[in-house]
Every structure is written in C-alpha cells, then in structure tokens.
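In what follows, a structure is listed as structure tokens, so that the remarks can point back to it.
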Amino acid sequence: MAKLTQKDFLKGTIKHIDMKKYNVVPMVEAFENMAYSSRDLARASKIYHQMLSDKNCSVILCIAGSLISAGLKKIIVDMIQNHMVDAIVSNGANIVDQDFFEALGYKHYLGSQHNADDNLLRDLHIDRIYDTYINEDELKECDETIHQICEYLEPRPYSSREFIWEMGKWLEKNKKGKDSVVYNAYKYGVPVFVPAFSDCSAGFGFVAHQTQHPEAHVSIDSAKDFLELTKIKMKAKETGLMMFSGGVPKNFAQDTVVAAEILGSDCPMHKYAVQITVADERDGALSGSTLKEASSWGKVSTALEQMVYGECTTLIPLIIGYGYHKGAWKKRKAANYVKFLQDEDKKVAALKAKQNKAKK
Ligand SMILES: NC(=O)c1ccc[n+]([C@@H]2O[C@H](COP(=O)([O-])OP(=O)(O)OC[C@H]3O[C@@H](n4cnc5c(N)ncnc54)[C@H](O)[C@@H]3O)[C@@H](O)[C@H]2O)c1
1 MAKLTQKDFL KGTIKHIDMK KYNVVPMVEA FENMAYSSRD LARASKIYHQ MLSDKNCSVI
61 LCIAGSLISA GLKKIIVDMI QNHMVDAIVS NGANIVDQDF FEALGYKHYL GSQHNADDNL
121 LRDLHIDRIY DTYINEDELK ECDETIHQIC EYLEPRPYSS REFIWEMGKW LEKNKKGKDS
181 VVYNAYKYGV PVFVPAFSDC SAGFGFVAHQ TQHPEAHVSI DSAKDFLELT KIKMKAKETG
241 LMMFSGGVPK NFAQDTVVAA EILGSDCPMH KYAVQITVAD ERDGALSGST LKEASSWGKV
301 STALEQMVYG ECTTLIPLII GYGYHKGAWK KRKAANYVKF LQDEDKKVAA LKAKQNKAKK
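Residues 1 to 360 in the working numbering are what the sequence shown spells out, letter by letter.
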C-alpha cells in the first residue's frame, strides 16, 4: 500500500456558516411552546434580542472552546460588522491559533474522530481537534508571526487588547485576513481581550521573543486587561453577556462588576446574561456554574439570564441568527470602545508626563 501523506488527510475544508442565509425566527419562536432545551433556547434568543434592543446596553461576547476552527468565525465577524457586539473576551486558541491562523491564509480541515490514527497523524504533523485537522507546520507560522510582531513593537507591557489591535494592524499592512475576527475588530473598534494570552500559539512567539531579549521585551499585562474591561463596564453601565462555552472569559467579564465596585463605582450587575455550554454544575467549577449562582456573587442580575445546555456549533447559529434576523441591531451605533481605551491611555500618559516634569 502506498504510504499516506498529509495531502491524503488535508482535503475538505471547514466552511464558516453564514447566519444571514437562514431566517431562523419562525423556528425559534415555535420552540417557545415546546419544552426542555428548545424552550431554554427560545428564551436565550429573546434575551439576546432584548440586549440589542436596549439602547443603553453594551454587549460583551465571551468565547472559549474551539469555535472558530469549527465554522463559527463568520457569525462573530457579522456580529462585529453589524454592531451586535461591543467587546470580546476570548481564550487564546480562538483568537490566535484559529482566527489569526486563518487570517494568514491557512485552513482547518474536515477530519474524523472515528477512524483517526493519532500516531499516524503525529508522524504527518497533523493536529486533531475532535473531527477537525490542522497542519502543524502552518500553525508554527502563526507562532512565528506573533514573534515577528513582538520584534518590532516598543518593548513594554501591553494589555492583550493592545497587542491584538497590533495584530489587526499587521493584517491590514500585509493585506491579509479581511474576513477575520482580529481584522474586523481592529477595523470596527471592538476591543478583544484574551486574559490568558500566553496559553495558545501566541505563547510560543512570546517565549522566543523574550529569550532573545531578556532585558527589554514585549510582555502581556493581564491586570491591565482587567482594568480596561472594568473601565468599559463603568462607562457602559448596562451590559449584557453572551457567553459561548465558559472558561476564563466567562469569569473575567462577570468579575468587572466587582472590580468596578472596588474602584468606587456604583455599576449595576450585568443586566442580561446568556450562556451556552455542555458543562454542568455538579463539579462546582466555573464553566458549569449557573448564572443564578453568579447573582449570589453580585455579578449577574437574575431577571434576564438563561443557561442553554448543548453544544455551541448547533446552538449559536440559532440564537445569534435570531438576533440578526429580528434586526434590532439596525438601530445600534458602534460603541468604539477601542477609541475610548486609547483616549484613556493618552490621559494616563499625559498625567505621567506632568508628574515627571514636576519632579525635575
Ligand atoms: N480549545 C483548544 O483546542 C485549545 C487549543 C490551544 C490552547 N487552548 C487553551 O486552553 C485554555 C483552556 O481552554 P478553554 O478556555 O477553551 O477552556 P475549556 O476547554 O475548559 O472550555 C471551557 C468550557 O466550555 C465548554 N465548551 C467548550 N467547547 C464547547 C462547545 N463547543 N459547546 C458547548 N460547551 C463547550 C467546556 O465543556 C468547558 O466546560 C485556553 O487558554 C486556551 O487558549 C485551547
């Protein structure tokens, strides 16, 4: 038998679903009169529609798991382009290994969880995410591009939001990734936070960069991320959380209410909250903890929250598709929180300069 090569496995590519093509409104509304998950899903969809209809509400999207590689990129890009989201908090895998990776021109491939010979895949430099394959050699290019970006930036600590903005600028300069989350967030002024930024392909780029420049290097300041997101919460006041999966992004966004309180602000709890997850609450861990439970911590209001138990690739096109086809986003304006944060940075820099001058 002829020896199998990478080409034998990396054939069909993952295609990102276009929610604009499917008007799911009648089906989701029919779910309202059913039971169990269908009714939960209908309520979650309506809560998302309410977030978009509320002119005082800023929408924070939280993403964990592997959703971009699974075909959900276009939905998130459509959310950005149509003002259906004002800030994003994600894990690194979605933003760097998957979105930025595709922005460089690479693809995710249709694989199989049933007959995968993982030792053979290892030999062929193919990485597997359940039923999806990735060319590992291409992923190394992603690490290396992050390394290159670090090399030309001024050596100092950056929030992940600032660094991801630089990634968007890099894509623009190199004419790549017009259909990516990173590029569109850059273009539309939507801040993207990745609180555990080194825990993905970016980490390999940073390790290389910092080893080469031990004295002065680019680093990520996760506390600055938290402060920036808290400033957004304080400016927005009313907020709605759309949480895909769970993980660090869920808690990071929820905790801004507590951080705002520490800073002396009388910010309300998150007014709206929806989470889609397969995690359950029995282990006491964060991902499966209910939004009702979050209200005991003073983070989420209980009136307009909904957990939906199921897998994201099937549920997100329905819930976000409902919000899209109901059309409340047409009356929303871009919040441009990137500009707000850049102005805040300028104020801090001006204050520092004044203090330094006074010392001299
Ligand atoms: N996901 C990957 O393949 C991958 C790859 C490289 C690095 N990482 C890093 O690992 C760290 C942890 O990853 P995480 O934040 O995704 O946490 P995680 O993998 O623990 O997922 C968080 C929760 O979301 C649920 N979930 C995940 N995918 C779901 C889906 N499709 N539908 C419904 N629920 C789902 C999980 O059951 C879990 O309870 C991150 O820092 C990330 O960057 C992950």
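Here a beta-carbon is modelled for each residue, glycine too, at the ideal position from N, C-alpha and C.
- An exposed status is given to Lys175, since fewer than 16 other beta-carbon atoms sit within 10 Å of its beta-carbon.
- Annotation for Lys271: the continuous beta strand (DSSP E) segment containing it runs 270–277.
- In this structure, the beta-carbon distance from Tyr133 to Leu120 does not fall below 9 angstroms.
- At least 9 angstroms separates the beta-carbon of Ala294 from that of Ser287.
- Ligand 1 approaches Ser245 closely enough that one of its heavy atoms is under 8 angstroms from the residue's Cβ.
- Pairing Tyr337 with Gly189 gives a Cβ-Cβ distance under 9 angstroms.
- Straight through space, the alpha carbons of Lys299 and Ala208 are spaced by roughly 38 angstroms.
- Scanning Arg128, Leu104, Pro191 for the CA closest to the CA of Asn115 turns up Arg128.
- Counting C-beta atoms within 10 angstroms of its own C-beta, Met34 has fewer than 16 neighbours from the protein chains shown and is therefore classed as exposed.
- The three-state secondary structure of Cys62, taken from DSSP, is strand.
- Asp117 carries a coil assignment under DSSP once its states are collapsed to helix, strand and coil.
- It is roughly 26 angstroms from the alpha-carbon of Asp143 to the alpha-carbon of Glu228.
- Scanning Ser37, Ser160, Gly71 for the CA closest to the CA of Val89 turns up Ser160.
- In terms of side-chain proximity, the C-beta atom of Ile129 is found nearer than 8 angstroms to a non-hydrogen atom of ligand 1.
- Proximity of the segment 201–216 to the segment 94–101 meets the contact definition, three or more beta-carbon pairs being nearer than 8 angstroms.
- Beta-bridge partners of Arg128 (DSSP): Tyr133.
- The criterion of a C-beta distance shorter than 9 angstroms is not satisfied by Met242 and Met19.
- Contact holds between the segment 70–83 and the segment 9–28, because three or more Cβ pairs, one in each stretch, are under 8 angstroms apart.
- Around the C-beta of Ala253, 16 or more other C-beta atoms lie within 10 Å, and the residue is accordingly described as buried.
- When secondary structure is reduced to three states using DSSP, Gly323 falls in the helix class.
- The nearest non-hydrogen atom of ligand 1 is 8 angstroms or more from the C-beta of Leu61.
- Relative to ligand 1, the nearest heavy atom lies less than 8 angstroms away from the CB of Cys312.
- The residue among Lys357, Lys339, Gly321 with its C-alpha nearest the C-alpha of Lys21 is Gly321.
- The way I'd put it, the segment 250–270 does touch the segment 300–309; three or more beta-carbon pairs between them come closer than 8 angstroms.
- Inside the segment 196–267, DSSP marks whole beta strand (DSSP E) runs of 3 or more residues at positions 239–244, from first to last along the chain.
- For Met79, the enclosing alpha helix (DSSP H) begins and ends at 73–81.
- In the three-state reduction of the DSSP assignment, Tyr152 falls in the helix class, which pools H, G and I.
- Closest option to Ala87, judged by alpha-carbon separation, among Leu318, Glu162, Gly111, Leu61: Leu61.
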